[in-house]
Structures are given as structure tokens and as C-alpha cells.
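Undergrad:
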Amino acid sequence: MEIRASGDDAAPAMAHRIPAIDRAVDVMEALAGGPSGIRDLALRLGIPRSTVYRVLNSLEARGVVVRGDGNTYRLGPLLLRLARAVPSGFDLVALARGPMEEAARALRCTVKLSVLEGMEALVVAIAESPESYAVTTQVGRRFPLHAGAASKLLTAFAPDDLRSRLLAGPLPQRTPATLTNRAALRRALDDARTAGCATDAGEYAPGIRAVAAPVFGPDGACVAALSIPYLDGTEAMREIALRDGALRCAQAISTRLGG
Numbered sequence: 092m093e094i095r096a097s098g099d100d101a102a103p104a105m106a107h108r109i110p111a112i113d114r115a116v117d118v119m120e121a122l123a124g125g126p127s128g129i130r131d132l133a134l135r136l137g138i139p140r141s142t143v144y145r146v147l148n149s150l151e152a153r154g155v156v157v158r159g160d161g162n163t164y165r166l167g168p169l170l171l172r173l174a175r176a177v178p179s180g181f182d183l184v185a186l187a188r189g190p191m192e193e194a195a196r197a198l199r200c201t202v203k204l205s206v207l208e209g210m211e212a213l214v215v216a217i218a219e220s221p222e223s224y225a226v227t228t229q230v231g232r233r234f235p236l237h238a239g240a241a242s243k244l245l246t247a248f249a250p251d252d253l254r255s256r257l258l259a260g261p262l263p264q265r266t267p268a269t270l271t272n273r274a275a276l277r278r279a280l281d282d283a284r285t286a287g288c289a290t291d292a293g294e295y296a297p298g299i300r301a302v303a304a305p306v307f308g309p310d311g312a313c314v315a316a317l318s319i320p321y322l323d324g325t326e327a328m329r330e331i332a333l334r335d336g337a338l339r340c341a342q343a344i345s346t347r348l349g350g
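For reference, each letter of the sequence shown is one residue, going 92 to 350 in this note's numbering.
1. What are the uninterrupted segments assigned as beta strand (DSSP E) that are 3 or more residues long and contained completely in the stretch 126-151, given in chain order?
2. Inspect the CB distances between the stretch 153-160 and the stretch 316-327 and report whether three or more fall short of 8 Å.
3. With a floor of 4 residues, list each alpha helix (DSSP H) that falls wholly inside the stretch 197-274, ordered by position along the chain.
4. Could you pull the start and end residues of the alpha helix (DSSP H) that residue 156 belongs to?
5. At what residues does the alpha helix (DSSP H) containing residue 339 begin and finish?
6. Short of 7 Å in beta carbon distance, which residues of its chain neighbour residue 179, apart from the five on each side in sequence? Order them along the chain.
7. Going by DSSP, what residues sit across from residue 319 in a beta bridge?
8. Which whole-angstrom value is the C-beta distance of residue 205 and residue 238, which I expect to be below 8 Å?
9. Can you pull the DSSP bridge partners for residue 165?
10. Starting from residue 182, trace the alpha helix (DSSP H) both ways and give me its first and last residue.
11. Does residue 295 pass the burial test, meaning 16 or more other C-beta atoms within 10 Å, or should it be called exposed?
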């Protein structure tokens, strides 16, 4: 980790959303739970019946929904055809990019994404802070699994055999805050899994803290750690905001992955 100080970064423009498309997706998600009528959809989504009627008419015309018995609607054949075109795997970095950039803008901090690579945490994506002075790192950088928020988070959700190997091996001390005591590290990993997030109080680099949250894949397994590094001395309320922001961003990525 290092601190970037430069004046040439500019926050990208916020993307505009189209309300009609949002409504259509809301209706499709509601119908994923089973056939429904216009009145029921309007009540569940909190939108006028006339709006639901227009959305359903458009979706029906394109084969996205099909009208069934009793004026109910269900998902149609077009979605099945589109689903077959979705790759069996997923591009983690591409799907994470949007939520990470949004979080970096909103929190004005660098946001990084890490995955397990052997017995290390590998940084695979970064969304830079729009601030000219910020904690940052590089894609491709590797971190030990016993030091740092992302590293501990990945280890906490890893299979038991990986945790056992880590706890049985050497735990080099990088800073006075590094967890080199096996019992203390085991407790920290258990706490991270229970809490659904992990923190770093300068364990890898002096003066740099971090918070990390899990990203889950379609099978419910943790596939990455979303983390936000920041400087020691940050106010407590700001730390809470960063933690909540990391959790929201990780959840948004998980949703995109189908987790």
C-alpha cells in the first residue's frame, strides 16, 4: 500500500438511468417468483396499475412475458433464449467495475478487489479515489493472508484446509500490529466470518487501515474481497461510513454475479 499524491485525477460523470427500464426490470424480477396479475404487481412494487399495464404490454409484445389464465402474467420464452447466451462463467472484474467506481466516487477513497491466489491475496481490480491524496496500490500486487483486511477476509471464508495451512506456517511480522500469534489470528478470522467484514489496524503497512467485505458468487461461496484502505487517525464516524460503503459495494457486486 502507498499514498498517492497527484492532481490530475477527475471523477467520471455519473451514468444516467432510464426509469422505464428500471420499471420493466422490477416487473420481471417480481414475476420471477411466479405468475401475477396487474393489481398484485402494482401493490408489490408500489407503482400505479396503469404503469404496470403499459410495462406488461410492452414486455408481452417482445415475448419477455406471456399472459396466462385469469389475466395473470408469467416470464416468457425470450428470457430463456437470452439466458442461454449468458456464459457459464463470469468476468468478475468487469462486473465489479461499475459498483467499485461508484463507491470510490461516493466515499472518495480507493476501492480494491482481491482474490485468493495460492496462499496470497491478489489484487485484481482497483477504482481510484477522485481525491488527489489517497491510499492506493496496484493491480497484480500480492499480500500475505495473515496481514490486512482483504487477506483476513478471504482466509476467513476459505476452506478449512487453507486456514489450517496458514495457521501451521510462519506468520512474518510486518508491523507491530501484525497478528503473529496463532490463537489471536484464529480469533480474528472467526470474528471476520461472523461479522461479515474484516478490518486492518496497520497490520501490513504502518499508518494505513482498511475494511473489507465478502463478494459471493452464484454458488454462495466467497469469490473475492472488496476492501477500502484509509489513513490511521480517521474519525470514528467516517470509519463506520467506509465500512457500510464497503458492505454495500460488495453486495452490489454479489448481486451482479448472482450471489
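Glycine included, each C-beta is placed from N, C-alpha and C at the ideal position.
TA: According to the structure data:
1. Runs of the beta strand (DSSP E) inside the stretch 126-151: none found.
2. These segments do not touch.
3. Here the runs fully enclosed are 240-247, 251-259.
4. Premise fails: residue 156 lies in the beta strand (DSSP E), 156-158, not in any alpha helix (DSSP H).
5. Boundaries of the alpha helix (DSSP H) around residue 339: 327-348.
6. In this prediction, residue 179 has a pLDDT of 48, which is less than 50 and means its spatial position is unreliable; what the coordinates show is noted afterwards. Setting aside the 5 residues that flank it on each side, residue 179 has no residue in the same chain whose C-beta is closer than 7 Å to its C-beta.
7. Its beta-bridge partners are 302.
8. Actually they do not touch by this definition, with Cβ atoms about 13 Å apart.
9. Answer is 157, bridged to residue 165.
10. Careful: residue 182 lies outside any alpha helix (DSSP H) and carries neither H nor E.
11. Buried, because 16 or more other Cβ atoms sit within 10 Å of the Cβ of residue 295.
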